[in-house]
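*Asks:*
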Amino acid sequence: MEDDNSDETARWVEAQNKITFTYLENIPQRNAIKERLTEIWDYEKVSAPFKRGEKYYFYKNEGLQNQSVLYSSDELRGEEKVILDPNTFSEDGTVALSGTYFNHEGNLLGYAKSIGGSDWKEFYIKDLSTGEDRKDHLQWIKFSGMAWAGDGFYYSRYPKPEEGGELDASNENAKVYYHQLGTEQKMDNLIFS
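In case it helps, my numbering puts the sequence shown at residues 44 to 236.
1) I need the straight-line Cα distance from isoleucine 70 to tryptophan 84, nearest angstrom please.
2) Following the continuous beta strand (DSSP E) through leucine 80, name the residue where it begins and the one where it ends.
3) Looking at the unbroken beta strand (DSSP E) that takes in asparagine 104, where does it start and where does it end?
4) Using 8 Å as the Cβ pair cut-off and three pairs as the minimum, do the segment 99 to 112 and the segment 121 to 133 touch?
5) Could you name each continuous beta strand (DSSP E) segment of 3 residues or more that falls completely within the segment 99 to 179, going from the start of the chain to the end?
6) Could you name the residues of the same chain whose beta carbon sits closer than 8 Å to that of aspartate 117, not counting the 5 residues immediately before and after it, in chain order?
7) Can you round the beta-carbon distance between leucine 127 and serine 161 to whole angstroms, since I take them to be within the 8 Å contact cut?
8) Could you compute how far the alpha carbon of glutamate 87 sits from the alpha carbon of alanine 139?
9) Look at the alpha carbon of leucine 107 and the alpha carbon of glutamate 82, and state the distance between them as a whole number of angstroms.
10) Measuring alpha carbon to alpha carbon, tell me which of Ile158, Asn146, Leu67 and Ser172 ends up nearest glycine 193.
11) Nearest to serine 199 by alpha carbon, out of Gly208, Lys185 and Phe64?
12) Would serine 212 and proline 204 qualify as a contact pair, given that the criterion is a beta-carbon distance under 7 Å?
13) Hey, how far is the Cα of aspartate 46 from the Cα of tryptophan 191?
14) What does a CB cutoff of less than 6 Å around leucine 181 pick up in its chain, not counting 5 residues either side in sequence?
15) Which word fits proline 129, buried or exposed, when buried means at least 16 other C-beta atoms lie within 10 angstroms of its C-beta?
16) Alpha carbon to alpha carbon, what distance is there between glycine 159 and alanine 58?
17) Applying the 10 Å Cβ sphere with the 16-neighbour rule, what's the burial state of glycine 208?
18) Confirm the yes/no value for this check: CB of glutamate 87, any heavy atom of the ligand SAH, distance under 6 Å.
19) Which residue wins for smallest C-alpha separation from tyrosine 144, given the options Ala75, Phe93 and Asn232?
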């Protein structure tokens, strides 16, 4: 069981799931509870607005969306425009929005995606004037945000784990880097080791 990718571990997980789901499926009130929870969670949820640059931003969930959507508006009660919808990141819902970071001018949005509930993040940059993602794509990030400065930002990352060890590699040797916008991650300047 030490190897989470072994056949033995997979068989154990499958057996545990079979026992668990058989038990849960036989609870007489299960469907009624599920229906009631769905009913009481199905309402619009809106965050407090915040201003970045010349626009107001807020998160909104129509009711049963897996993740809230980031919107913008020119005025507090103005027309809403979708900026980032994390529900479109993957068909199966396993990719989540795990952070948003506006630059000081409010014209760029850094955002982080996490896949499958992992702590690993990947950073992307959206140009808010065009609505398009820039080519910047950073990987092997955990427990870090973006600290905007000049034409880039500071962040910390870990060394790339060995193939197949992404989910069980130890979190050692994080380093702080500066990423210059428009460059590849391998060109990032090491700031602190």
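For every residue, glycine included, the Cβ atom is placed at its ideal position computed from N, Cα and C.
*Replies:* On the basis of the data shown:
1) C-alpha of isoleucine 70 to C-alpha of tryptophan 84: approximately 22 Å in a straight line.
2) For leucine 80, no beta strand (DSSP E) encloses it; the enclosing alpha helix (DSSP H) starts and ends at 73 to 84.
3) Looking at the DSSP string, the run of the beta strand (DSSP E) that includes asparagine 104 is 98 to 104.
4) Yes, the segment 99 to 112 touches the segment 121 to 133.
5) 112 to 116, 124 to 127, 138 to 145, 151 to 158 and 164 to 170, all fully within the segment 99 to 179.
6) In the same chain as aspartate 117, and ignoring 5 residues on each side of it, the C-beta atoms closer than 8 Å to its own belong to Glu97, Lys98 and Tyr99, in chain order.
7) So it is not a contact: roughly 20 Å between Cβ atoms.
8) Distance between the alpha carbons of glutamate 87 and alanine 139 is about 20 Å.
9) Here the C-alpha atom of leucine 107 lies approximately 9 Å from the C-alpha atom of glutamate 82.
10) Residue Asn146 is the option with its Cα nearest to glycine 193.
11) The candidate whose alpha carbon is nearest that of serine 199 is Lys185.
12) Checking the displayed sequence, the identity of residue 212 turns out to be alanine instead of serine. Their beta carbons are under 7 Å apart, which means alanine 212 touches proline 204 by this criterion.
13) Their Cα atoms are separated by approximately 39 Å.
14) If you ignore the 5 residues before and after leucine 181, its C-beta comes within less than 6 Å of the C-beta of Phe166 and Gln228, all in its own chain and listed in chain order.
15) Buried: at least 16 other Cβ atoms inside 10 Å.
16) In this model, alanine 58 and glycine 159 are separated by some 22 Å (Cα to Cα).
17) Classified as exposed, glycine 208 has fewer than 16 neighbouring CB atoms from the shown chains inside 10 Å of its CB.
18) What this structure holds is no ligand at all, so the ligand SAH is not there to describe.
19) Looking at the Cα atoms, Phe93 is the closest of the given residues.
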